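Report on one structure; see the data block that follows.
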Amino acid sequence: MEGKRQDTAAAILRLQQIVAKLRSKEGCPWDRKQTHESLKPACIEEAAEVLGGIAILKATGKAENLKEELGDLLLQVVFHAQLAEEEGLFSLADVIETVSDKMVRRHPHVFHEPMLAEDGRPLTEWKEIKAAEKQGREWEEAYLPEAFGEAAALIERAKARKGIS
Numbered sequence: 134m135e136g137k138r139q140d141t142a143a144a145i146l147r148l149q150q151i152v153a154k155l156r157s158k159e160g161c162p163w164d165r166k167q168t169h170e171s172l173k174p175a176c177i178e179e180a181a182e183v184l185g186g187i188a189i190l191k192a193t194g195k196a197e198n199l200k201e202e203l204g205d206l207l208l209q210v211v212f213h214a215q216l217a218e219e220e221g222l223f224s225l226a227d228v229i230e231t232v233s234d235k236m237v238r239r240h241p242h243v244f245h246e247p248m249l250a251e252d253g254r255p256l257t258e259w260k261e262i263k264a265a266e267k268q269g270r271e272w273e274e275a276y277l278p279e280a281f282g283e284a285a286a287l288i289e290r291a292k293a294r295k296g297i298s
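Take 134 as the starting number for the sequence shown in this note's numbering and just add one per residue.
Written out as structure tokens, the structure is:
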């Protein structure tokens, strides 16, 4: 398993370097002009294509499409992280650490003793842990209705572009 983990780290680093090169002065003009906003359609489309890959796997047992589409979705994550790093916001490593830490916190039954609420009560349910993590950031939820509406509109645009009714 350790050898496989090293292969994964090397593969992620290679993709990160490819994206950085694409964004560099010697890179691709299209990639250089992309922004978080301009990549929204591709991000939502790639997520939908992962669903198609899952359906293909279920129907046929063939995983090639799912592997490809997961790669395209991963590219979106790496690309957005590259943009954020260029903007001085955060890095891909920060993204990976954040989600890793979140998974550990939200699975105390697997990784550690439960988090404690302000009153000292152990938090063991996913929803309770998430609420404790988001304390003081509840305002972020207000952005979700518009985001879901935008996602639905982007899906409709992608369907039209691909000739799917």
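Glycine included, each C-beta is placed from N, C-alpha and C at the ideal position. Fair warning: this is a prediction, and the values are worked out from it, not measured in the lab.
- Beta-bridge analysis with DSSP links residue 287 to no other residue.
- Listed in chain order, the non-local C-beta contacts of residue 211 below 7 angstroms within the same chain comprise 148, 149, 152 and 225, local neighbours out to five positions each way being set aside.
- Straight through space, the alpha carbons of residue 239 and residue 263 are spaced by roughly 7 angstroms.
- Three or more Cβ pairs closer than 8 angstroms define a contact, and the region 172 to 180 meets that threshold against the region 207 to 221.
- Sequence-distant Cβ neighbours of residue 205 in its own chain, meaning closer than 6 angstroms and more than five residues away, are 179.
- The three-state secondary structure of residue 249, taken from DSSP, is strand.
- The region 164 to 179 and the region 284 to 295 touch, with no fewer than 3 CB-CB distances between them shorter than 8 angstroms.
- For residue 229, the closest of 214, 193, 282 and 172 by C-alpha to C-alpha distance is 214.
- The Cβ neighbour count for residue 186, taken over all protein chains shown within 10 Å, is at least 16; the residue is labelled buried.
- Cβ-Cβ distances below 6 angstroms link residue 237 to 244 in the same chain, with the five nearest sequence neighbours on each side left out; the list follows chain order.
- Residue range 197 to 219 is occupied by the alpha helix (DSSP H) that includes residue 204.
- Here residue 277 is exposed, its C-beta having fewer than 16 other C-beta atoms within 10 Å.
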